[in-house]
Structure formats: structure tokens, C-alpha cells
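The next block holds one structure in the form of C-alpha cells; read it before the comments.
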Amino acid sequence: MKWLFAVLVALNIIVFGAVVNIHISKKTSGESSKELVAEGSHELKVPESALVQKREDAPPSWIKAGDKADAKEPTVDETHVPKEKTAEQKAAEEKARLEREKKLQAEKLKKEAEEKVRRELAQNNEGEAAKSPFAPPPAATQNARCSRTATVTIPEDDYHRIKGLLVQWPHAATRKVEQREGGDKRNVKYTVTVSGQGDAQTVLDEVTSKGFNGSIGGGGVVVGIYSDRQSAQATLSRLQNAGFNAQIREQSSGVASSMSIAKMQIYFSGLSDADIQGVQSVVGKYGNLQRGTCK
Numbered sequence: 396m397k398w399l400f401a402v403l404v405a406l407n408i409i410v411f412g413a414v415v416n417i418h419i420s421k422k423t424s425g426e427s428s429k430e431l432v433a434e435g436s437h438e439l440k441v442p443e444s445a446l447v448q449k450r451e452d453a454p455p456s457w458i459k460a461g462d463k464a465d466a467k468e469p470t471v472d473e474t475h476v477p478k479e480k481t482a483e484q485k486a487a488e489e490k491a492r493l494e495r496e497k498k499l500q501a502e503k504l505k506k507e508a509e510e511k512v513r514r515e516l517a518q519n520n521e522g523e524a525a526k527s528p529f530a531p532p533p534a535a536t537q538n539a540r541c542s543r544t545a546t547v548t549i550p551e552d553d554y555h556r557i558k559g560l561l562v563q564w565p566h567a568a569t570r571k572v573e574q575r576e577g578g579d580k581r582n583v584k585y586t587v588t589v590s591g592q593g594d595a596q597t598v599l600d601e602v603t604s605k606g607f608n609g610s611i612g613g614g615g616v617v618v619g620i621y622s623d624r625q626s627a628q629a630t631l632s633r634l635q636n637a638g639f640n641a642q643i644r645e646q647s648s649g650v651a652s653s654m655s656i657a658k659m660q661i662y663f664s665g666l667s668d669a670d671i672q673g674v675q676s677v678v679g680k681y682g683n684l685q686r687g688t689c690k
């Protein structure tokens, strides 16, 4: 063991000596190189050609020292430069555009067809609902379209007294003669007359201008005298449609042993519920107004 310890001590001494020797060698070599450099350094004069070249390479006076005089020009990124499309690309784009327009047009036509079908179905449903007996029409619509007729018989004198109040409702008046105790009626004639606001000649001119033949007689204008009531009624309707206030007068010839009473039978048409009430308020005290059904 003693000899092993002695060997280790010897090795440590050898290593320590080697390290010290290396440091001393490095320090000695550094100082010798500095002396050589100091002894061989001399100041050299710059040649004139170098000064001229330096002045030529110097930047102009208007360029500041902080500016980069040697900055390069910006380069163009060639990847972003648009290239002209070829004929094949243009044809492909045009084909795609036409296909898109065709598709949009087809969708538009399809929507229009569907909308038309929906409207037709809605109209058919409304028509079926209107025809159904279980679906009555609205009350307001029914009242607006309701048209009634009415008749009343009053004495002739009373009719002429209230005739001015009845002109606001469309009507036709027929004169009737009633026999109280019977009599002999023969050769009954039906005279159609027209009355107006002006004189008889003015009324006759108006009747003639509308294509009717007439004459002045009986305090008015006589348009025709008929032996049957149907012909007289047809002429009366034509005159009323033309806008004239016409009436039928019934005349009979023969010997009568009883007293006759002249009455006017008035026929109203196209009356609403409000019109019925208005007519009743005028003729109610002269006769019984008989109302027809609603049409």
C-alpha cells in the first residue's frame, strides 16, 4: 500500500509541473510577439490615385449620411402579374357562365309553375266552398247583392199626389178601373203614355229621338194603344229602359150600371232592404205594400 501511495503522489507532481510549464510558455510567447509588432509598424502615406477614386465613389452632397445611397430598386413580384387568358380558358368561363344562367332560368320557371299551381288550387277550393250547401255566403255580400220586388195598388189621385216622391225608386205604374157593383166591360184598350217635366211637345221630341212613335193626347204623349195587355206591357218596358216615365192606362167602352173607380198598380224592382223601408214610408197610408222574394 505504501508503494501505491507513493506512485500517486509522483503522478500528481508530474501533472502539476506540466501545467505550470504550459502557462509559462504561453506567457513568454505572447510578450515576444507584441514586441515584434511594435518594432515593425510604420505609417504609410495614402497614394493620390486612391484619394481621387475615393472622391469619385463618394455620394453627392445632397444625400444625407443616414440615407442608403446604395439601396437597390424594388423588384417586381412576377408571381402576381396577371397573365392573359388563353382561348380555351375564355371558352370554359363562357360555358360555365351560360350553364349558370340556364340553371337560374330553369329554377325561375319552376318557381313560377309551382306558384301558378298553388293559385289554381286556391281558386278551385274557393269555388268548391262557394258551391257547397254547407258554406253559406257572408251576410254582407248577400245583402249587397239582394234585389227585391214590391207591388202596391193605390187610388189614381193619390198616385199623382205622391208621384214626385216615388221617382227615386225604379217602378212602373199601370192604371186600373174597378167596378163596384159589376158592369159590362167591352172593347178594353190599353194606352201607353209618357209624362215628363217639360211640355208635351218637348217630351214628344225626346220620345221620337229614341226611336218611338207617339202623339200628343190626353194631357201627355201617347206612344201606343193596344187591345191586349202583353203588347202594352212590352212597350212600357222599352220606354222605361230608355229612361222615360211611362205608364199604362186601361180604357173600356160599354154601358156600365155601376160606379167605377180608377186605381194605379205600381210595380217596384231592384230594391234593397233600405229601399223597401223608404217606399213603405211613402205609400203605407194609401195601400198595402206587398214585398217579393230576394233575388
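Each position in the sequence shown, counted from 1, maps to that position plus 395 in my numbering.
We put the CB at the ideal spot given by N, CA and C, even for glycine.
Open item on the list: Let me make sure I understand the geometry here. Which of V414, E645, G559 has the alpha-carbon closest to that of E573?
Closed with: E645
- [ ] Can you say whether A567 is buried or exposed, counting buried as having 16 or more other CB atoms within 10 angstroms of its CB?
- [x] buried
TODO: Taking S610 as part of the beta strand (DSSP E), name the residues at either end of that continuous run.
DONE: Per DSSP, S610 belongs to the beta strand (DSSP E) from 610-612.
Task: Three-state secondary structure (DSSP) of G615 - done: strand
Task: Counted within 10 angstroms of its Cβ, other Cβ atoms place V410 as buried (16 or more) or exposed - done: exposed
TODO: Could you tell me whether the Cβ atoms of V674 and F639 are closer together than 8 Å?
DONE: no
TODO: Can you have a look at F364 and say buried or exposed, based on whether 16 or more other CB atoms are within 10 angstroms of its CB?
DONE: For residue 364 there is no data in the structure shown, the boundaries of the chain being 396 and 690.
Task: Cα-Cα separation, L516 to A501 - done: C-alpha separation (whole angstroms): 23 Å.
Task: Rounded Cβ spacing between L634 and I643 (contact assumed at less than 8 Å) - done: Actually they are not in contact, since the Cβ atoms of L634 and I643 sit about 10 Å apart, beyond 8 Å.
Task: Terminal residues of the alpha helix (DSSP H) in which G673 lies - done: 668-678
Task: L684 in three-state terms, based on DSSP - done: DSSP places L684 in coil when its eight states are reduced to three.
Open item on the list: For T536 and K497, I'd like the C-alpha separation in whole angstroms.
Closed with: Legend: pLDDT at T536 = 48, less than 50; position of this residue unreliable, no value from coordinates given.
Open item on the list: Could you give the first and the last residue of the continuous alpha helix (DSSP H) run that contains Q563?
Closed with: Looking at the DSSP string, Q563 is not in any alpha helix (DSSP H), and its letter there is neither H nor E.
Open item on the list: Using CA atoms only, rank isn't needed, just tell me which of S647, V602, V583, N582 is closest to G591.
Closed with: V602
Task: Rounded separation between F663 and E507 - CA only - done: 51 Å
Open item on the list: Among I408, I549, I417, M654, whose alpha-carbon lies nearest the alpha-carbon of Q685?
Closed with: I549
Task: When F400, A405, K421, D552 are compared against Q660, the one with the closest alpha-carbon - done: D552
Task: With 16 other Cβ atoms within 10 Å as the buried cut-off, status of K658 - done: buried
- [ ] Would you mind stating whether T586 and I611 have Cβ atoms separated by less than 8 Å?
- [x] Judged by beta-carbon spacing, I611 lies beyond the 8 Å limit of T586, meaning their Cβ atoms are not closer than that value.
Task: Interface flag, V618 vs chain D, CB-CB below 8 Å - done: This model lacks chain D altogether; it includes just one protein chain.
Task: Distance, G682 Cα to T544 Cα - done: 16 Å
Open item on the list: Between which two residues does the alpha helix (DSSP H) holding T603 run?
Closed with: 595-604
Task: First through last residue of the beta strand (DSSP E) which encompasses T481 - done: Element bounds for T481: n/a, residue is neither H nor E.
Task: Supposed contact pair S626 and K584 - C-beta distance, whole angstroms, cut 8 Å - done: The pair is not a contact, with the Cβ atoms about 11 Å apart (cut-off 8 Å).
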